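I have placed the structure first, in the form of structure tokens, so that the comments after it can refer back to it.
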DNA sequence: ACCGGTCTGTACGCTTTCAGACAATATTTT
DNA sequence: AAAATATTGTCTGAAAGCGTACAGACCGGT
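Chains as they are written, first to last, in my numbering: chain G, 15 to 255; chain V, 15 to 255.
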């Protein structure tokens with residue numbers, strides 16, 4: 015029973031009609047998603063799709079020098095492994111890594127594509143989700159170019175909270191820096207500024223959002239734009255940011 | 015006859031089996047794509063999908079202050095209007111605008127989605143293309159954060175040439191600046207530097223690539239990564255960069 | 001209680017890019 | 001031919017963020 019409730023906390027699985035859900039059910043495997051776990055790497059075959067139940071997964075673009083920059087975040091509103099439904103088994107430039115520890119349900123690649131090809135509800139849900147995800151990435155592309163670190167950090171923390179549910183997050187500056195594509199020292203300065211404005215509190219490996227509304231005001235427009243697109247996605251069912 | 019050959023210069027249309035192509039044929043409408051023409055705007059309904067035959071279309075993220083940054087470029091290897099197949103009629107944050115004048119074939123939204131829903135070749139081709147397009151956007155997101163203007167300009171010019179075929183392009187610095195999300199003056203400096211290195215020549219509203227190999231060396235890795243993904247796309251049929 | 005590793009705050013000079021402005025040149029219009 | 005417009009090259013001061021470094025704070029293990 016508890017497992018059943020868990021399954022339904024992924025919004026895509028939750029939106030499936032009973033018949034489709036039951037077809038998938040036997041193939042779903044519960045997995046823990048510990049911090050830092052890599053779900054797939056560039057050029058490596060993607061063997062499973064992951065439907066997060068709790069926590070968040072980052073999709074990051076990996077550069078030749080080893081540096082990386084986040085392209086998008088996936089939580090309970092989405093699925094990790096979109097290339098599978100697009101007919102690809104690998105990504106050339108991206109890695110999926112657990113950003114906030116949690117859990118999820120995974121599905122073998124073949125099971126996913128088989129159900130997808132039926133062209134029923136899962137097909138349409140995944141494509142709708144993909145649209146929102148593309149919105150997220152393209153907004154991030156502009157954001158990375160135009161907005162200042164403090165704004166981007168605020169945006170990023172808000173997106174995290176939406177996917178996490180809680181206002182407390184276990185995150186190091188080092189990790190955040192890698193996601194935002196900046197120096198760790200830069201995150202330290204920006205986080206301290208947000209704290210001085212009373213919007214967050216942060217300690218070693220830990221950040222808490224104190225004033226969510228204020229943090230939204232301190233973030234760039236990108237947060238709101240992407241949030242709106244995700245709300246459209248499940249607007250008749252449930253909302254996530 | 016000439017029209018027929020033209021149709022086939024779009025690589026997606028070209029890859030369709032005869033039967034599917036003929037189903038679409040009557041719905042295809044030839045259109046000129048003059049410089050600056052807007053194919054869709056944020057929040058406005060997308061009424062047609064465009065299959066470019068010549069020229070190139072930019073998809074740019076539009077920011078609240080009116081600024082814009084390119085997310086991706088679409089040429090004869092692709093199609094403009096992907097949201098339609100994802101079940102959306104609008105984009106919240108993007109505009110599609112003709113970057114290099116040319117021509118294309120357009121299809122009413124309903125005709126595209128109808129054929130897409132058949133789940134035959136066009137369905138799979140569009141999804142494969144989408145994968146490459148996402149690779150392009152996410153690489154750009156990292157590129158915008160990590161790479162210097164001169165490298166990014168080189169990358170951008172190369173991607174332009176691939177889609178254009180010719181080594182001469184009619185482009186103003188003002189336009190390029192808007193695509194790259196930088197000041198016009200910055201483009202002037204970077205273009206002059208590339209010219210001093212003997213890689214390009216540029217005059218008022220005009221840029222020519224002189225040393226393509228040198229320009230590739232001067233560009234960031236992002237050009238090669240994205241090019242490779244697009245090559246995978248049509249690898250059994252034709253190649254584009 | 002101590003130690004080693006991890007995490008954070010802060011500092012320095014430096015690079016890239018910005019913002020804004022201006023003059024020079026090329027093209028189009030009158 | 002002259003005027004208006006579009007496009008480009010360059011300048012100055014300033015901001016944001018970089019690379020690097022280092023010391024202090026925190027944490028877990030023995």
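Quick reminder that beta carbons are idealized off the backbone N, C-alpha and C, glycines included. A quick note: this is a predicted structure, and the numbers were derived from the prediction, not measured.
Would you kindly report the start and end of the unbroken alpha helix (DSSP H) that includes residue i?
i              : result
residue 97(V)  : 96 to 99
residue 41(V)  : Segment: none, residue 41(V) is in no alpha helix (DSSP H) and carries neither H nor E.
residue 231(G) : 226 to 232
Residue i: which of the options sits nearest, CA to CA?
i              : options                           : result
residue 176(G) : 68(G), 49(G), 58(G) and 63(G)     : 68(G)
residue 87(V)  : 129(V), 108(V) and 131(V)         : 108(V)
residue 244(G) : 216(G), 207(G), 22(G) and 153(G)  : 153(G)
residue 249(V) : 156(V), 139(V) and 236(V)         : 139(V)
residue 169(G) : 142(G), 126(G) and 232(G)         : 232(G)
residue 236(V) : 147(G), 83(G) and 204(G)          : 83(G)
residue 64(G)  : 173(G), 166(G) and 92(G)          : 92(G)
residue 208(V) : 219(V), 166(V), 238(V) and 218(V) : 166(V)
residue 100(V) : 147(G), 126(G) and 182(G)         : 147(G)
residue 50(V)  : 242(V), 222(V), 37(V) and 184(V)  : 184(V)
residue 213(V) : 41(V), 171(V), 124(V) and 161(V)  : 171(V)
residue 210(V) : 30(V), 229(V) and 198(V)          : 229(V)
residue 142(G) : 47(G), 29(G), 156(G) and 39(G)    : 29(G)
residue 39(V)  : 73(V), 241(V), 46(V) and 125(V)   : 125(V)
residue 102(G) : 174(G), 78(G), 37(G) and 54(G)    : 54(G)
residue 151(V) : 85(V), 73(V), 47(V) and 78(V)     : 85(V)
residue 37(G)  : 156(G), 145(G) and 134(G)         : 134(G)
Output the boundary residues of the beta strand (DSSP E) element that contains residue i.
i              : result
residue 202(G) : Where residue 202(G) is concerned, there is no enclosing beta strand (DSSP E), although the alpha helix (DSSP H) it sits in stretches over 198 to 210.
residue 26(V)  : Not the beta strand (DSSP E): residue 26(V) falls in the alpha helix (DSSP H), residues 25 to 28.
residue 109(V) : 108 to 122
residue 68(G)  : 62 to 76
residue 53(V)  : 52 to 54
residue 248(V) : Here residue 248(V) belongs to no beta strand (DSSP E), and DSSP marks it neither H nor E.
Any idea if residue i is buried or exposed, counting beta-carbon neighbours within 10 angstroms, 16 or more meaning buried?
i              : result
residue 44(G)  : exposed
residue 95(V)  : buried
residue 149(V) : buried
residue 180(V) : exposed
residue 195(G) : buried
residue 75(V)  : buried
residue 189(V) : buried
residue 129(V) : buried
residue 220(G) : exposed
residue 247(G) : buried
residue 52(G)  : exposed
residue 217(G) : exposed
residue 116(V) : buried
residue 113(G) : buried
residue 4(V)   : Because chain V spans 15 through 255 in this model, residue 4(V) falls outside it and cannot be assessed.
residue 105(V) : buried
residue 204(V) : buried
residue 57(V)  : exposed
residue 227(V) : exposed
residue 118(V) : buried
residue 132(G) : exposed
residue 120(G) : buried
residue 80(G)  : exposed
residue 31(G)  : exposed
residue 192(V) : buried
residue 59(V)  : exposed
residue 162(V) : exposed
residue 199(V) : exposed
residue 159(V) : buried
residue 241(V) : buried
With H, G and I counted as helix, E and B as strand and the rest as coil, what does DSSP make of residue i?
i              : result
residue 88(G)  : strand
residue 214(G) : strand
residue 240(G) : helix
*Whole alpha helix (DSSP H) runs in the region 129 to 190 of chain G with 4 or more residues, listed along the chain?*
135 to 160 and 163 to 178
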